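In this text, residue positions in the sequence shown follow the numbering used here: the first is -7, and each later residue adds one.
What follows is one structure encoded as structure tokens, with my remarks underneath.
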Amino acid sequence: MKVLYSRVSSQSQNEERQIQNTDGFDYVLVDKCSGLIPFWERPQGSQIKKLIDSNQLTHLEIHSIDRLGRNTLDVLSVWKELSEKKITIICRNPNLRNIDENGKEDKFSQLMMSILSTMSDFERSLIRERQMEGIKIRKEKGLYKGRQIGTKESNEKFLSKPKNQEIFKLVERGLKYSEIQKIVGCSPNLIKKVKKYKSTIFASTI
-7 MKVLYSRVSS QSQNEERQIQ NTDGFDYVLV DKCSGLIPFW ERPQGSQIKK LIDSNQLTHL
53 EIHSIDRLGR NTLDVLSVWK ELSEKKITII CRNPNLRNID ENGKEDKFSQ LMMSILSTMS
113 DFERSLIRER QMEGIKIRKE KGLYKGRQIG TKESNEKFLS KPKNQEIFKL VERGLKYSEI
173 QKIVGCSPNL IKKVKKYKST IFASTI
């Protein structure tokens, strides 16, 4: 099954530019939502997930690479998951595809995704650096209040952190620890901790 996917930011934004040349597609799916929403959590993104889970989707075409996620990490995660399931991804802008006409991994796209992965690592390091600089400034001003010695961070607060939320989503999708470590840039112990804390919260709600 071949699907053409697009996303626009608002109900008023016209998606026509992104969904030209629709001949040969079984479905043309358009999400009208913020790009900050992860791909699988979008209305049409979740429909694509169902097609994948039922082994119906073989080909996904998108207007541009940023349609696949809210950030570089999200794009890489979706691209990797689709590729592992042998689903052909074709991006019109820039011209990328994960599998070439011979059924082999496209070398140019592989290089581009490797560059994106490096950019993602760079983004994470910049965020971490800014956080540390912010903490240092607040400490100098006497405004920073870290967790007191002997106190424990609540499960809810721990799981509310963006990085930990991303880890749990990848675990839910069935990715291996080594794959999650590569995508998120974390230790296996953190993955285990996320799984443990999440199961504790679920158990308490039953």
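Ideal Cβ positions, reconstructed from N, Cα and C, are used throughout, including at glycine.
Since this is a predicted model, take the numbers as computed values, not measurements.
Problem set entry | Start and end residues, alpha helix (DSSP H) containing residue 45 | 35 to 45
For this session: Excluding the 5 residues preceding and the 5 following residue 89 in the sequence, name in chain order all residues of the same chain whose CB lies nearer than 8 Å to its CB.
Result: 80, 81, 82, 83, 98 and 101
Exercise. Skipping 5 residues on each side, what residues in its chain have a beta carbon closer than 7 Å to that of residue 169?
Worked result: 180 and 183
Exercise. Would you say residue 187 reaches chain B, if we count a Cβ-Cβ gap shorter than 7 Å as a contact?
Worked result: The structure shown contains no chain B, having only a single protein chain.
Exercise. Going by DSSP, what residues sit across from residue 20 in a beta bridge?
Worked result: Answer is -4.
Exercise. Between which two residues does the beta strand (DSSP E) containing residue 53 stretch?
Worked result: 51 to 56
Exercise. Looking at C-alpha atoms only, which residue of 31, 19, 160 and 154 is the closest neighbour of residue -1?
Worked result: 31
For this session: Identify the continuous alpha helix (DSSP H) that holds residue 82 and give its terminal residues.
Result: Taken as a continuous stretch (DSSP letters only), residue 82 belongs to no alpha helix (DSSP H), being part of the beta strand (DSSP E) at 80 to 85.
For this session: Let me know if residue 1 comes out buried or exposed under the rule of 16 or more other beta-carbons within 10 Å of its beta-carbon.
Result: exposed
Exercise. Is it buried or exposed for residue 226, if we count other Cβ within 10 angstroms and need 16 for buried?
Worked result: Residue 226 lies beyond the residue range present for the chain, which begins at -7 and ends at 198; the question has no answer from this structure.
Problem set entry | Straight-line gap, residue 40 to residue 131 (C-alpha atoms, nearest Å) | Going by the C-alpha atoms only, they are around 47 Å apart.
Exercise. Are the Cβ atoms of residue 59 and residue 28 separated by less than 7 Å?
Worked result: No, these two residues do not count as a Cβ contact at 7 Å.
Exercise. Would the beta-carbon of residue 205 fall within 7 Å of that of residue 36?
Worked result: Limits of the chain in this structure are -7 at one end and 198 at the other, which puts residue 205 out of reach.
For this session: Report the residue from 57, 95, 167 and 74 whose alpha carbon sits nearest the alpha carbon of residue 108.
Result: 57
For this session: Would you list the residues sitting across from residue 59 in a DSSP beta bridge?
Result: Partner(s): none; residue 59 has no beta bridge.
Exercise. So is residue 103 buried or exposed if we call it buried at 16+ other beta carbons inside 10 Å?
Worked result: Looking at its Cβ environment, which holds fewer than 16 other Cβ atoms inside 10 Å, residue 103 is exposed.
Exercise. In this structure, does DSSP put residue 132 in helix, strand or coil?
Worked result: helix
Exercise. Can you tell which of 52, 92, 191 and 25 has its C-alpha closest to the C-alpha of residue 148?
Worked result: 191
Exercise. The alpha helix (DSSP H) with residue 147 in it runs from where to where?
Worked result: 147 to 151
Exercise. In terms of DSSP beta bridges, what is residue 91 paired with?
Worked result: 97
For this session: Label residue 53 either buried or exposed according to how many other C-beta atoms from any shown protein chain fall within 10 Å of its C-beta, with 16 as the threshold for buried.
Result: When all chains shown are included, residue 53 counts as buried.
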